[in-house]
Structures are given as C-alpha cells and as structure tokens.
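K.L.:
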Amino acid sequence: MKRLAIISVLSAAAFLLSAVAAAARTDSLTYSATLQANASTGEFAPYMIGSWNADRTTMKNALTADFAIEKPMSSGGRFDWGFGAELLTGCQHPVTYDRYDADDIDWTGSVMRPSPVSLRTLYAEAHYRSLFMLVGMKGFESKIVDSRLSSGDLIRSNNARPIPGVTVGLVDFQDIPFTNGWLQIDGRIMYGKFTDNSFRRKQFNYYNDLIATDIYYTYKYCYFRTRPTERFSAIFGMQAAGQFGGSTEAYFRGQSVRTENRGFQLKDVAKMLFPTLDNGNGYYEGNSLGAWSLRARYRFGNDDELAVCWEKPFEDGSGIGCRNGMDALYGVQYTFARNSWLKSVVAEYLDFRNQSGPLHYAPGDHVDPSITSEATGGDNYYNNDTYGPYVNYGMSIGSPMPVAPVYNLNGYPQYIYNRMRGFHFAAIGDVTPEIGYKVAASWQKGYAMGRIPLPHAKTDFSALAEIGWNAGGLLEGLSVDLRIAFDTGELRGDNFGTALAVRYTGSLSSNK
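So the number in this note's numbering is just where the residue sits in the sequence shown, counting from 1, plus 697.
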C-alpha cells in the first residue's frame, strides 16, 4: 500500500506551508545551508566519513549542497509543535554493481549514481500534554547510546536516512503514578514505508539470494527511567523493529525460483504490534528484530558523569531469552563537566559471534517429527530469508559496524560479515573556544555470515580525525568542518579520504 508513504509526506508538506508563516513571527525558526566536498581513494568514502550522517556522504567523491529549515518543538508546556525540511542536491561519484543477465548468460555492470536532488527530511510534529505525534520523516537519536560518539544503536541509529511514516506515543519520559517520581516511562510506536525500491533493483545482482520491494516498516520502544536528578539513574527496557508486506522474488544461479506477493492489509499493522502465527507456514508474521537495552549513569560530586550501556540483540525467542551468549553491545562513557579540552570519551565492544549457532530446528515446524528436541539458532543478524537485509538505501538502519550491503560491489543484497566482533573508541573536546575536535578509531573482525561459513576471517582498522571551527568572529553563524579518515584491511579495503564542509546557520524572525 503506497498510500501510507504518500499521505505522510503530503500531510507534512501541507502543514509546512501554513507553519512557516506562523513560525517566522517567532525567534525559533532556524535555517542552514551546507556546502560539502569529499574525495576518497577507495570505491566508497571511508567508513568513518560515510557512517552516522543519515547516508549523506557514502560515495567516494562528491560535491553537495544541503539546505534545511526547522522549527524545534519543546517537550515542555501543555502544547507545542514543530516542523522541518531538508533538501540535498549535488553531484556524486557513480558506483558499478555486478549484475547477471540470464538472457545472455553473462555478467554486466549496473551503474548507479545517487539522485542529484533528494528530500532527506520532511516532518511535522506536535504534542499535547504528554501525548506526541509525528508525521513524515525525521532523524532519530538513541536514548541508550551517545549518537555523536557511539558505534551506533543496534536497532535504530543515525546511519541510514529516515523512513517516512507516522509516530505516536509519549513526548518524553513521564512520571508513573504512585511512584513519587522515582520511576518514569517513555514509549512510541512508528509505522512507515521504505521508498528505496529503485536502489534495491539497481544494486541487486539477479543471480543469487532475493530482492524485496514495497516493504513496510515498524519501530517501537518502551523504556523506564529512574529519577534523573539523583546521582545514579538508569534507563532500561526494550526496542523492536519489523519489516512486513511487499513482495519478494528469490533467485538461484540467475533463475527466479520463488515469488511472494504479500501486499498490505490493515490487519498487518496489528500482527506486527503483537506477532502471530496466522501466516500458515509456522513462522511469525514479518521480520522482527530488537534489543534489550540499558543505560546506567552515575554523577560524581564534581558533576562528572560515568555511564555504561548495554544492548542485547534478538531476532527470535532465543535472543529474547538472552540465550545468545555474549552477543551484545557493551559501552562505557565518561563525560567531564568542567574540562573543555576533553569533554567526553566512549569505548565500546560489539560481539555478534554467537547468534545461537548456525542451526535451527523446531519440532513444531514438522509433522510428527522423529526428533523432538529443539535447537534454537540461526539468527543471521540483520538478514532475513523473506524481507532481505535490515537496510534503507543499502545503509544499515542499526549499527554501521557490520559492513552493509551498499558496499557489496558483487550485487549481493545481504550482510556478508554479520558474524563479527569489534572495538570502538571516540572522544570529543575543545582546543580553544572556537575550535573543537573529534577523534575515533575502530577495529573489527568479520568471520562470515550467520549461517554461511567463508574461507577466512577478514579484519579492518578505521580511524577519523575531525576539526570544527566556529567562524562566528568572521561571520555570525559560519562554521567550517574538516574530516580526515582511512580504512586498512581486507574487510573494507585500503581507503583514504577527506571531507570539507562549510555551513551557515541563521534564524528568520519578524522581531529582528
């Protein structure tokens, strides 16, 4: 059903037309224009330039201009509203994917270049008291990990571009009655639709695996938080995402061997909210994945903060039951309250090696089975036999550390090295009041896919150095950002790249 995405975008656009005039009479309407150039030696921009920016800088060479306007919404008060729009335009280097031609029984190349103009953000949001609603597509910030420094939230990070849809829930954490403010709750539910059919068709090799199109998306979370004003506070709960509907065509050695046309029905919305076995094949409806999540923070007497985070992924009952061994994201962050040259440091370890093992056997999937014991496994994180990879325009919606399908030049549409482990480090600070920096480094080792072994493991080491200059002394609202990054190893190849961005931000108000 294409109506959901169309209605979401058109509703936001209609609201924007009336909202801009009203917001311009306040001090809260901001705009920005960013000109960026990046160049790289590899087939793509280095890992730490291409990641964590909503798929804006993936190609090896590019010259882009980004225009955005926003009225932020405050979560306080009885009622407030906001909106935003962002347009990305420019020229980016093309990339060629291998494609199999069954008629000629030969391999050719599929050249793909990002669209010269793309709408990256368009949304309208509002809250009344504690209730919240958003229509359109807007970037997402994790409540568990620090999106500026982390390797990425496992289920919904800031790596891929937003998916258009409708979100409802609570505007922020709310006190739970009868707890005297010691326990709060926050939760939201989102339904949307992928708009990357064209990308999937161009990137796919039409030789092996599958291509899924017209897929719908859902995301939800429910978190609890202890009183944040105390020295110790914690956020804990669960987040889950899902893919459903659409159609799938599977290929084997260049021949189509399976086609499924699921379409969309309203009952699918309920089935993804409370998964059922109504599809008749013994499996739960759709592709579901999620994570148990925890972030605990302690504030010292000098206001420095130490935080630890933990995200435990799941794709079936074994994962929900925490039977996947050490598989999880483990992180620690220290934030300085008064030290400007070093503001915050993050260290993380990500382990995806267990996945309950490569075998899965459930007696309930068979008629009068002779083997009644159960072997629950074969999770194959971020991959699915019906809906394909957990990506938007080829970029990982979750953690970008496992190499996403957009980087598979052979046109294979799934994560190849999702059985992996890695370390990540990042820090930010200020050299002077006008000059800030960020440094990051990661090491990872990819062993194979969740279910398919490969000849040998591959490693990668990536690093980033970033300098930001607040040039407000020359022109108020002007800033310059320079990033230098590289990759080395078999997993991502040997790449070196730079990116230079010049940004101007301002405000529109009849009072100025």
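Each residue gets a CB set at the ideal place from its N, CA and C atoms; glycine is no exception.
Residue range of the alpha helix (DSSP H) that Thr1014 falls in?
P.N.:
Looking up residue 1014 in the sequence shown gives position 317. The displayed chain sequence assigns Gly, not Thr, to residue 1014. First-last of the alpha helix (DSSP H) with Gly1014: Gly1014 to Ile1017.
K.L.:
If you draw a straight line from the alpha carbon of Phe891 to that of Leu760, how long is it in whole angstroms?
P.N.:
As a first step, residue 891 is located in the sequence shown; it is residue number 194 there, counting from the start. As a first step, residue 760 is located in the sequence shown; it is residue number 63 there, counting from the start. Rounded to the nearest angstrom, the two C-alpha atoms are 26 angstroms apart.
K.L.:
Could you tell me the boundaries of the alpha helix (DSSP H) in which Asp965 lies?
P.N.:
Along the sequence shown, read from residue 1 onward, the residue named residue 965 stands at position 268. That run of the alpha helix (DSSP H) goes Leu963 to Leu970.
K.L.:
Just confirm the distance between the C-beta atoms of Asp850 and Phe870, as a whole number of angstroms; I'd bet it's less than 8 angstroms.
P.N.:
In the sequence shown, the residue the question calls residue 850 occupies position 153. In the sequence shown, the residue the question calls residue 870 occupies position 173. Contact doesn't hold; Cβ gap of about 18 angstroms is too wide.
K.L.:
Would you call Arg922 buried or exposed, if buried means 16 or more other Cβ atoms sit within 10 Å of its Cβ?
P.N.:
The sequence position of residue 922 within the sequence shown is 225, counting from 1. The residue is buried, with at least 16 neighbouring Cβ atoms inside 10 Å.
K.L.:
Would DSSP call Phe896 helix, strand or coil?
P.N.:
In the sequence shown, residue 896 corresponds to position 199, counting from 1. Helix at Phe896.
K.L.:
According to the Cβ coordinates, are Ala1025 and Phe1011 closer than 8 angstroms?
P.N.:
Residue mapping note: residue 1025 aligns to position 328 of the sequence shown, counting from 1. Residue mapping note: residue 1011 aligns to position 314 of the sequence shown, counting from 1. Not in contact: Ala1025 and Phe1011 (Cβ atoms no closer than 8 angstroms).
K.L.:
Please report the straight-line C-alpha distance between Ile841 and Leu1039, rounded to a whole angstrom.
P.N.:
Start at 1 with the first residue of the sequence shown, and residue 841 comes out as number 144. Start at 1 with the first residue of the sequence shown, and residue 1039 comes out as number 342. Cα-Cα distance, rounded: 22 angstroms.
K.L.:
With DSSP collapsed to three states, give me the class of Ala1198.
P.N.:
Numbered from 1 along the sequence shown, position 501 holds the residue referred to as residue 1198. Correct three-state label for Ala1198: strand.
K.L.:
Would you mind stating whether Phe875 and Ala821 have Cβ atoms separated by less than 8 angstroms?
P.N.:
As a working mapping, residue 875 is identified with position 178 in the sequence shown. As a working mapping, residue 821 is identified with position 124 in the sequence shown. Not closer than 8 angstroms, so no.
K.L.:
Return no unless some Cβ of chain C is closer than 8 angstroms to the Cβ of Asp843.
P.N.:
Annotation note: the requested chain C is absent from the structure, which comprises a single protein chain.
K.L.:
If contacts are defined as beta-carbon pairs under 8 angstroms, then Val1064 and Val1029 qualify, I think. What distance do you get, rounded to the angstrom?
P.N.:
For the purposes of this step, residue 1064 is taken as residue 367 along the sequence shown, with counting starting at 1. For the purposes of this step, residue 1029 is taken as residue 332 along the sequence shown, with counting starting at 1. Contact doesn't hold; Cβ gap of about 50 angstroms is too wide.
K.L.:
Could you give the uninterrupted runs of the alpha helix (DSSP H) lying entirely in the region 1005–1084, keeping only those of 4 residues or more?
P.N.:
Correct list: 1014–1017.
K.L.:
Grab me the residues of Ser807's own chain with a C-beta within less than 6 angstroms of its C-beta, minus the 5 sequence neighbours each way, in chain order.
P.N.:
Mapped onto the sequence shown, residue 807 falls at position 110. Only Tyr794, Arg796 and Lys899 meet the Cβ criterion.
K.L.:
Return the CA-CA distance between Ile766 and Ala938, expressed in angstroms with no decimal places.
P.N.:
Position 69 of the sequence shown, counting from 1, holds the residue named residue 766. Position 241 of the sequence shown, counting from 1, holds the residue named residue 938. Taking the straight line joining both Cα atoms gives about 29 angstroms.
K.L.:
Inspect the CB distances between the region 1144–1152 and the region 1173–1186 and report whether three or more fall short of 8 angstroms.
P.N.:
Touching, no, given that fewer than three Cβ pairs across the two stretches are closer than 8 angstroms.
K.L.:
Distance, Cα to Cα, Arg722 vs Ala1168?
P.N.:
Here residue 722 corresponds to residue number 25 of the sequence shown, with the count starting at 1. Here residue 1168 corresponds to residue number 471 of the sequence shown, with the count starting at 1. In this predicted model, Arg722 has a pLDDT of only 49, less than 50, meaning its place in the structure is not dependable enough to derive any value.
K.L.:
Got a sec? Which residues, its chain only, sit under 8 angstroms from Gly1186 by beta carbon, not counting five neighbours each side?
P.N.:
Position 489 of the sequence shown holds residue 1186. Once the five neighbours on either side are set aside, the close Cβ partners of Gly1186 are Lys1155, Thr1156, Asp1157 and Phe1158.
K.L.:
Going by C-alpha distance, which of Asn984, Val1128, Asp1000 and Asn1077 is nearest Phe1049?
P.N.:
Locating residue 1049 in the sequence shown gives position 352, where the first residue counts as 1. Measuring from the Cα of Phe1049, the nearest candidate turns out to be Asn1077.
K.L.:
I need the DSSP call for Ile882, collapsed to helix, strand or coil.
P.N.:
Position 185 of the sequence shown holds residue 882. Strand.
K.L.:
Alpha carbon to alpha carbon, how far is Cys1019 from His1057? Give it in angstroms, no decimals.
P.N.:
Indexing the sequence shown from 1 puts residue 1057 at position 360. Indexing the sequence shown from 1 puts residue 1019 at position 322. One C-alpha to the other measures close to 16 angstroms.
K.L.:
Using DSSP with H/G/I as helix, E/B as strand and the rest coil, what is Gly889?
P.N.:
Looking up residue 889 in the sequence shown gives position 192. Strand, per DSSP.
K.L.:
Would DSSP call Pro861 helix, strand or coil?
P.N.:
Taking the sequence shown and counting its residues from 1, one reaches residue 861 at position 164. Three-state DSSP puts Pro861 in coil, outside helix and strand.
K.L.:
Among the candidates Ala782, Met887 and Glu927, whose CA atom is the shortest distance from the CA of Tyr728?
P.N.:
For this step, residue 728 is matched to residue 31 along the sequence shown. Taking only the C-alpha atoms, the option nearest Tyr728 is Ala782.
K.L.:
If you draw a straight line from the C-alpha of Trp1007 to the C-alpha of Arg992, how long is it?
P.N.:
Against the sequence shown, residue 1007 aligns to sequence position 310. Against the sequence shown, residue 992 aligns to sequence position 295. When rounded, the distance between both Cα atoms is 7 angstroms.
K.L.:
So, for Trp1166: in the same chain, excluding its five sequence neighbours on each side, which residues have a beta-carbon less than 7 angstroms away from its beta-carbon?
P.N.:
Start at 1 with the first residue of the sequence shown, and residue 1166 comes out as number 469. Contacts found: Glu1131, Ile1132, Ser1176 and Val1177.
K.L.:
If you measure between the beta carbons of Ala734 and Lys757, is that distance less than 8 angstroms?
P.N.:
Translated into the one-based positions of the sequence shown, residue 734 becomes position 37. Translated into the one-based positions of the sequence shown, residue 757 becomes position 60. Not in contact: Ala734 and Lys757 (Cβ atoms no closer than 8 angstroms).
K.L.:
Of the residues Ala947, Ala1160, Arg1180 and Ala1124, which one's Cα is nearest the Cα of Asp1191?
P.N.:
Within the sequence shown, numbered from 1, the residue matching residue 1191 stands at position 494. Cα-wise, what sits closest to Asp1191 is Ala1160.
K.L.:
Figure out for me which residue from Glu838, Val792 and Phe776 has the closest Cα to the Cα of Trp749.
P.N.:
Against the sequence shown, residue 749 aligns to sequence position 52. The option with the nearest alpha carbon to Trp749 is Glu838.
K.L.:
Measuring alpha carbon to alpha carbon, tell me which of Tyr1112, Met969 and Ala1138 ends up nearest Phe1122.
P.N.:
Against the sequence shown, residue 1122 aligns to sequence position 425. That would be Ala1138, whose Cα lies nearest to the Cα of Phe1122.
K.L.:
Grab me the residues of Thr1032's own chain with a C-beta within less than 6 angstroms of its C-beta, minus the 5 sequence neighbours each way, in chain order.
P.N.:
As a working note, residue 1032 is residue 335 in the sequence shown. Cβ within range, chain order: Glu1002 and Ser1041.
K.L.:
How many Å lie between Asn999 and Ser1037 at the Cα?
P.N.:
Along the sequence shown, read from residue 1 onward, the residue named residue 999 stands at position 302. Along the sequence shown, read from residue 1 onward, the residue named residue 1037 stands at position 340. Using only the alpha carbons, I get a separation of about 14 angstroms.
K.L.:
Does DSSP put Gly787 in a helix, in a strand, or in coil?
P.N.:
Along the sequence shown, read from residue 1 onward, the residue named residue 787 stands at position 90. Residue state, collapsed to three classes: strand.
K.L.:
Taking 8 angstroms as the cut-off, decide whether the C-beta atoms of Glu1210 and Ser944 are in contact.
P.N.:
Limits of the chain in this structure are 698 at one end and 1209 at the other, which puts residue 1210 out of reach.
K.L.:
Nearest-angstrom Cα distance between Asp1184 and Met1117?
P.N.:
Reading the sequence shown from its first residue, position 487 is the one you call residue 1184. Reading the sequence shown from its first residue, position 420 is the one you call residue 1117. Cα-Cα distance, rounded: 17 angstroms.
K.L.:
Hey, would you say Arg753 sits closer than 8 angstroms to Leu785, going by beta carbons?
P.N.:
Residue mapping note: residue 753 aligns to position 56 of the sequence shown, counting from 1. Residue mapping note: residue 785 aligns to position 88 of the sequence shown, counting from 1. Contact flag set, yes.
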